[in-house]
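Reading through the structure tokens given below for one structure.
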Ligand SMILES: NC(=O)c1ccc[n+]([C@@H]2O[C@H](COP(=O)([O-])OP(=O)(O)OC[C@H]3O[C@@H](n4cnc5c(N)ncnc54)[C@H](O)[C@@H]3O)[C@@H](O)[C@H]2O)c1
Ligand SMILES: NC(=O)c1ccc[n+]([C@@H]2O[C@H](COP(=O)([O-])OP(=O)(O)OC[C@H]3O[C@@H](n4cnc5c(N)ncnc54)[C@H](O)[C@@H]3O)[C@@H](O)[C@H]2O)c1
Ligand SMILES: [Zn+2]
Ligand SMILES: [Zn+2]
């Protein structure tokens, strides 16, 4: 890859794949397809959303066409509601009409919504075809690595899905320039999460570089995404199918997912919801006897990045608690939480009394 | 397992599993769950259809309850139309409401429809939970072995699916007594297919034992299902994900699937459609210079079992040809067929001119 491009390998044996992070990468999509031996005879489906299509789809199409590939683009409405079985049905129809065969590739061009949806289409179309991620949000540094793909059900988020690793991830930093600031903040929430679970130094670096990151300064951004992807890929390499270690990536997600569900999908951004959830987990840490400093620091950093750290008044505690009981992270009916033991490390507790969780949820109201 | 029970292992390394074939096995479901260490704390979802529920569901529930398991039964309408994303959505809702967690099991009690549908739910619920097959049709000796699970799309059959191997298959011969004769014949079509692709002797045995098989004589039936499952499991063991060898299992299926789609799902039974398809493939063999005896024998045996060997007048050739072009077995736009080279062996041809296929389809009309 060209100078300035960072490269990282997700180490999964036969299913290993590279992540390229840098500027001007989309223009090279076709080249990479050729180099990596994607068959020219098999049509490609490019899945993107209504906000991204006009910004970047033509560039991807052009790069692929130049290299001799036939591409059909399908556009889904922007937003979480597109992660649905109805949209799966539509995309499979589009794939059939475009003539995709078993050697075809499905590309996700967009944020985590497009990645999760197109990834599940790739996992299940003909029982699995090639998949490529071209993430265009900061949050998608997380969703594009690790192979978890899914759609939502009326009763639960991400409950219908698969593990389906991409062939490669192409992270073109230039696409991030058009991201709304609120999305930038929400994406950085997940970057900071990767520091909080694994790497204290990186948390300190994020803290010191908050301004540059929020301004999308390329060098800072490239480094942060590289480090974030690195933590994710190390964890995933050691536990692809979430038997144990991988669960630490869910820091803040138990409360976060419940908040997203109760607020109504799309009201609270994913990164916002988990920022609040991470503050909750840090407070849980104090209940388990770990330093109260963890919660204070966690809260301070998220505030610095302009992220919410309190539960909106519209979300009632009962509703949040009951949403959590549908969460798949409760193995065999017990409450399981990822709890920080310090900044940069966590443990998984499966002995969390629901009364503690309720107290913490209540305590995370505005004014507390 | 008890005397009279035949046992077979599908050899897939870590994912290996046993198939039990015999009488009175359903009563032992709970026992087997306990022996194999299925966790009692995780609820079980039993998926069955509207024809099977009253016949056998209570027996399975009782056997599990006696062993301490909590089971929730969900019933889908009998028939191919239940293999849909809508039904996936419903079953996932039922699984959530029943509290299924990551260690839970989904059981398919029924024919291939229930097996394929419940199997895809098991593959995608929480990105994969345990799956057990309790087949109740003869055809399901095929569908319950090998881990292919799927639902249909408006435009194509089995196009949305996964590879998800069961933990075990429990084949209780007693359940077959209630099968309508038309279903018996259709199921035997797939049994004979396993002979045609792999084992000439077994074809001769089927031929000689047609009467006993159609009368569901237990010893003959147990042997035939054992041999059918054995061929399937050998092939699947050598090529789990259909990279090459496994494709031979599709003998008769290219034309067969097209006929099912054109006649309207459910009009022609799967086993009937592929019987016609196998006669077509045998005629294709003659075009490639193999003995015309193959087609004559194939046709004679299927007639002996009371199976159709001609395309219904309602299915137009153009419609059949165009349905085949949507078939996933056409790799990179070429026509691929499994073609017999003798009774008991086949080869995969990817050089089949579509004009030959059209001629054979035309020739397979009543009166020819
Ligand atoms: N699979 C995983 O491991 C994983 C991990 C984390 C999150 N997720 C999922 O990711 C989703 C959230 O991802 P997200 O935050 O990227 O959401 P998103 O895909 O909805 O993108 C956020 C918004 O930004 C717009 N957008 C995207 N790229 C843009 C660009 N370059 N310029 C301008 N606008 C742009 C989108 O249209 C959307 O409105 C959730 O569904 C979550 O469940 C998955
Ligand atoms: N996954 C695979 O590898 C694979 C292989 C072959 C076929 N299939 C699929 O299998 C399906 C066909 O399977 P099938 O023929 O078993 O269809 P089916 O499940 O629809 O069963 C046939 C009919 O018999 C009824 N029935 C089932 N068991 C009965 C019993 N014991 N007594 C009385 N009635 C009973 C059913 O309600 C149904 O009406 C198709 O959808 C096909 O695509 C899958
Ligand atoms: Zn997340
Ligand atoms: Zn079949």
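Residue numbers (our numbering), protein chains in the order written: chain L, 175 to 542; chain R, 175 to 542.
All C-beta atoms in this analysis are idealised placements derived from N, C-alpha and C, irrespective of residue type, glycine included.
Asked: Cut-off 8 Å between Cβ atoms - residues of its own chain near residue 181(L), not counting five sequence neighbours on either side; Found: 175, 192, 193, 194, 195
Asked: Residue 305(L), DSSP secondary structure in three states; Found: strand
Asked: Helix, strand or coil at residue 519(R) according to DSSP, with G and I counted as helix; Found: strand
Asked: Interface residues of chain L facing residue 337(R) [CB-CB closer than 9 Å]; Found: 301, 302
Asked: Neighbour flag for residue 469(L) against chain R, beta carbons, 8 Å; Found: no
Asked: Heavy atom of ligand 4 within 7 Å of residue 444(R) beta-carbon; Found: yes
Asked: The beta strand (DSSP E) enclosing residue 331(L), as first and last residue numbers; Found: 330–337
Asked: Residue 600(L): CB within 7 Å of a non-hydrogen atom of ligand 1; Found: Because residue 600(L) is not part of the residues shown, which for chain L are 175 to 542, the question remains open.
Asked: beta-carbon residue 448(L) near ligand 3 non-hydrogen atom, thresh 7 Å; Found: yes
Asked: Rounded separation between residue 506(R) and residue 239(R) - CA only; Found: For residue 506(R), the predicted structure reports a pLDDT of 45, less than 50, and the residue's modelled location is therefore unreliable. A value from the coordinates is still provided. Approximately 50 Å, taken between the alpha carbons.
Asked: Where residue 203(L) falls, given that 16 or more other Cβ within 10 Å makes a residue buried; Found: buried
Asked: Strand pairing of residue 255(R), partner residues [DSSP]; Found: Per DSSP, none; premise fails for residue 255(R).
Asked: Enclosing beta strand (DSSP E) for residue 279(R) [first to last residue]; Found: 279–284
Asked: Members of the stretch 256–283 of chain R that neighbour chain L once the beta carbon cut-off is set at 7 Å; Found: 259, 262, 263, 266, 267, 270, 275, 276, 277
Asked: Classification of residue 318(R) by the beta-carbon crowding that lies within 10 angstroms, buried from 16 upward; Found: buried
Asked: Simplified DSSP assignment, three categories, for residue 179(L); Found: coil
Asked: Touch test, the stretch 374–387 of chain R against the stretch 484–496 of chain R, Cβ-Cβ under 8 Å, three pairs minimum; Found: no
Asked: Cβ neighbours of residue 400(R) in the same chain (closer than 7 Å, five flanking residues each side left out); Found: 180, 182, 195
Asked: Classification of residue 427(R) by the beta-carbon crowding that lies within 10 angstroms, buried from 16 upward; Found: buried
Asked: Cross-chain neighbours of residue 189(L) in chain R, by beta carbon under 8 Å; Found: The contacting residues do not exist; residue 189(L) stays about 13 Å from chain R at best.
Asked: Any non-hydrogen atom of ligand 6 within 7 Å of residue 316(L) CB; Found: Of the ligands this structure carries, namely ligand 1, ligand 2, ligand 3 and ligand 4, none is ligand 6.
Asked: Residue range of the beta strand (DSSP E) that includes residue 239(L); Found: Careful: residue 239(L) lies outside any beta strand (DSSP E), inside the alpha helix (DSSP H) at 232–240.
Asked: For residue 530(L) and residue 478(L), the rounded distance between their alpha carbons; Found: 27 Å
Asked: Beta-carbon proximity check, residue 523(R) vs residue 462(R), cutoff 8 Å; Found: yes
Asked: Any non-hydrogen atom of ligand 1 closer than 7 Å to residue 426(R) Cβ; Found: no
Asked: Residue span of the beta strand (DSSP E) that contains residue 346(L), given as start and end; Found: 342–346
Asked: Check: residue 254(L) C-beta below 7 Å from any heavy atom of ligand 3; Found: no
Asked: Sequence-distant residues of its chain with Cβ nearer than 7 Å to residue 294(R) (five each side left out); Found: 262, 323, 324, 325, 335, 336
Asked: Cutoff 7 Å; reference residue 205(R); Cβ partners in own chain excluding five residues on either side; Found: 241
Asked: Endpoints, beta strand (DSSP E) assigned at residue 194(L); Found: 191–196
Asked: Nearest residue (CA-CA) to residue 279(R), options 445(R), 208(R), 520(R), 320(R); Found: 208(R)
Asked: Where residue 272(R) sits in the DSSP three-state scheme; Found: coil
Asked: According to DSSP, residues forming a beta bridge with residue 327(R); Found: 330(R)
Asked: Whether residue 422(R) touches residue 409(R) by CB criterion (8 Å); Found: yes
Asked: Residue 525(L) classed as buried or exposed, judged by whether at least 16 other C-beta atoms fall within 10 angstroms; Found: exposed
Asked: Residue from 243(L), 190(L), 467(L) with nearest C-alpha to residue 518(L); Found: 467(L)
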